[in-house]
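Peer 1: In our numbering, the protein residues as written are 8 to 379. Note that beta-carbon positions come from the ideal geometry of N, C-alpha and C, so glycine has one too. Quick caveat, the model's predicted, so the values are computed rather than measured. One structure follows; several queries about it will come next.
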């Protein structure tokens, strides 16, 4: 059973995230909290006391509930248990990420952290604007870190604080989309477009929602419409390339990749994708040359192996003795949209609107100590 201090910390986190509490109950490993929007937050005080059966008790046999499960623990769960959470589609916030969440919300003292020094510089924003700015910063940070379940909490806080704030509504839609809650995400983008019909972020989000509903032609049409309005939108063209590749239209993808390469000729991933598109459209020799150029421009072996796995290509030949040991195994699931979307290094920054699934990113701060 969790200690009173940990229960107090968990309760403080729930309150600080603006949750509408529906039910809370102690569990052998800690505390389980059900919120009004159907999310289940499981706080585990000691990860060594958690088992795979603990996770199964939380969600039962219905995996449709798993995407709404968020497991939080100040330690690091055993690999098999964390894999069970992510396999079922749940969200895991452990170790340094848990500590960062507590610090962000002013609760780091419960974990032995020194309180952060108060801001002493001149205040350029009204208190309400400062609060909104802080909430949006937390939301975008967690979305960038690949934890949309927490990003969703803070975007909802921002929307409650300022309902007409379009960036918060778009962030809400992106978070829902990343969690696989596609109908809710599409409704959110539609609400934005009802009052801001030209908003690019909402239109990109709507396109991604269409793609997630197996409507790739409609998704591609949105991107082409946006490009017809402004050819300089490199981020839109990058989304279009990914959609065309997923559709299997390599001829169309090749045209768009070459348009991106005119602006970013030294993008190693783009050069690799260009090589694949050449091979798929009958130019094997030119394709092989482009792949070699991508390596010369710095495409890491691990990244090339991952791209080959996502695209259903044979694994690349190791470039050195250690590459064979580092090569990731090809995935058993379909390609994620983020796996082939190139970065647009010029013009506008590529949007953070996530695809159908989100790839977990690196820890936000110092790496946790390894378990002995």
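Rounded C-beta distance between residue 169 and residue 200? I'm assuming under 8 Å.
Peer 2: Not a contact, Cβ separation roughly 19 Å.
Peer 1: Using a threshold of 8 Å, state whether the C-beta atoms of residue 304 and residue 326 are closer than that.
Peer 2: In this structure, residue 326 does not lie closer than 8 Å to residue 304 by Cβ.
Peer 1: Among residues of its own chain, excluding the 5 on either side of residue 6, which ones have a beta-carbon nearer than 6 Å to its beta-carbon?
Peer 2: The chain is shown only over 8 to 379; residue 6 falls outside these bounds and no answer can be derived.
Peer 1: With distance defined between alpha-carbon atoms, name the residue in 271, 212, 78 and 292 nearest to residue 41.
Peer 2: The option with the nearest alpha carbon to residue 41 is 78.
Peer 1: Pick out whichever of 55, 60 and 63 has its Cα sitting closest to the Cα of residue 80.
Peer 2: With distances taken between Cα atoms, residue 80 lies closest to 55.
Peer 1: Taking buried to mean at least 16 other C-beta atoms within 10 Å of its own C-beta, is residue 59 buried or exposed?
Peer 2: Exposed, since its Cβ has fewer than 16 Cβ neighbours within 10 Å.
Peer 1: Mind reading off the beta-carbon distance from residue 306 to residue 293? Whole number of angstroms is fine, and I expect it under 8 Å.
Peer 2: About 17 Å separates the two Cβ atoms, so there is no contact after all.
Peer 1: Name, in chain order, the residues that DSSP records as bridge partners for residue 40.
Peer 2: Per DSSP, 31 and 48.
Peer 1: Given residue 17, which residues of its chain have a CB within under 6 Å of its CB, disregarding the five upstream and five downstream residues?
Peer 2: Excluding sequence neighbours, residue 17 sits near 38 and 50.
Peer 1: Please work out which residues of its chain come closer than 7 Å, Cβ to Cβ, to residue 21, disregarding the five sequence neighbours upstream and downstream, and give them in chain order.
Peer 2: Hits under 7 Å: 28, 40 and 48.
Peer 1: Hey, could you find the ends of the alpha helix (DSSP H) residue 202 is sitting in?
Peer 2: It spans 189 to 202 - the alpha helix (DSSP H) in which residue 202 sits, taken as one unbroken run.
Peer 1: Alpha carbon to alpha carbon, what distance is there between residue 231 and residue 240?
Peer 2: Those two C-alpha atoms are separated by around 11 Å.
Peer 1: Can you name, in chain order, every residue of its own chain whose Cβ lies under 6 Å from the Cβ of residue 443, other than the five neighbours on each side?
Peer 2: Outside the displayed span of the chain (8 to 379) sits residue 443, for which this structure offers no information.
Peer 1: Helix, strand or coil, according to DSSP, for residue 101 in the structure here?
Peer 2: Strand, per DSSP.
Peer 1: Could you tell me which of 156, 210 and 154 sits nearest to residue 174, measuring between CA atoms?
Peer 2: Ranking 156, 210 and 154 by Cα distance to residue 174 puts 210 first.
Peer 1: Going by DSSP, what residue range makes up the alpha helix (DSSP H) through residue 150?
Peer 2: Residue 150 -> alpha helix (DSSP H) spans 134 to 151.
Peer 1: Assign residue 398 to one of three DSSP states: helix, strand, or coil.
Peer 2: This structure cannot speak to residue 398, because the chain is shown only from 8 to 379.
Peer 1: Have a look at residue 249 and residue 57 and give me their C-alpha separation to the nearest angstrom.
Peer 2: Answer to the nearest angstrom: the Cα atoms are 39 Å apart.
Peer 1: Using CA coordinates, which residue listed in 35, 117 and 67 is at the minimum distance from residue 12?
Peer 2: Here the closest residue by C-alpha is 117.
Peer 1: Expressed to the nearest angstrom, what Euclidean distance is found between the alpha-carbon atoms of residue 219 and residue 267?
Peer 2: Rounded to whole angstroms, residue 219 to residue 267 spans 24 Å at the Cα level.
Peer 1: Between the alpha carbons of residue 197 and residue 207, how many angstroms are there, rounded?
Peer 2: Roughly 12 Å between the two C-alpha positions.
Peer 1: Leaving out five residues before and five after residue 144 in sequence, what residues of the same chain have Cβ atoms less than 6 Å from its Cβ?
Peer 2: Result list for residue 144: empty, nothing under 6 Å.
Peer 1: For residue 61, is the classification buried or exposed, using 16 other Cβ atoms within 10 angstroms of its Cβ as the cut-off for buried?
Peer 2: Buried, by the Cβ-count rule.
Peer 1: Residue 5 and residue 100: beta carbons closer than 8 Å?
Peer 2: In the structure as shown, the chain begins at 8 and stops at 379. Residue 5 is therefore absent and cannot be evaluated.
Peer 1: Look at the alpha carbon of residue 244 and the alpha carbon of residue 33, and state the distance between them as a whole number of angstroms.
Peer 2: The alpha-carbon atoms of residue 244 and residue 33 are separated by roughly 50 Å.
Peer 1: DSSP on residue 79, reduced to helix/strand/coil?
Peer 2: Here residue 79 sits in strand by DSSP.
Peer 1: Buried or exposed: which applies to residue 89, given that a residue is buried once 16 or more other Cβ atoms fall within 10 Å of its Cβ?
Peer 2: Residue 89 is buried by the Cβ-count criterion.
Peer 1: Could you pull out every residue in the same chain whose Cβ sits closer than 8 Å to the Cβ of residue 114, ignoring the five residues on either side in sequence?
Peer 2: Contacts found: 16, 19, 20 and 23.
Peer 1: Quick one: residues in its chain with C-beta nearer than 7 Å to the C-beta of residue 105, no 5 flanking neighbours on either side, listed in chain order?
Peer 2: Around residue 105: 79, 80 and 81.
Peer 1: Pop quiz: residue 213 and residue 191 are said to be a contact at Cβ under 8 Å. What is the actual Cβ separation, rounded to whole angstroms?
Peer 2: Actually they are not in contact, since the Cβ atoms of residue 213 and residue 191 sit about 13 Å apart, beyond 8 Å.
Peer 1: Quick one: Cα of residue 227 to Cα of residue 84, how far?
Peer 2: Using only the alpha carbons, I get a separation of about 41 Å.
Peer 1: In chain order, what residues of the same chain have a beta carbon less than 8 Å from the beta carbon of residue 43, not counting five sequence neighbours either side?
Peer 2: Result list for residue 43: 26, 27, 28 and 29, in chain order.
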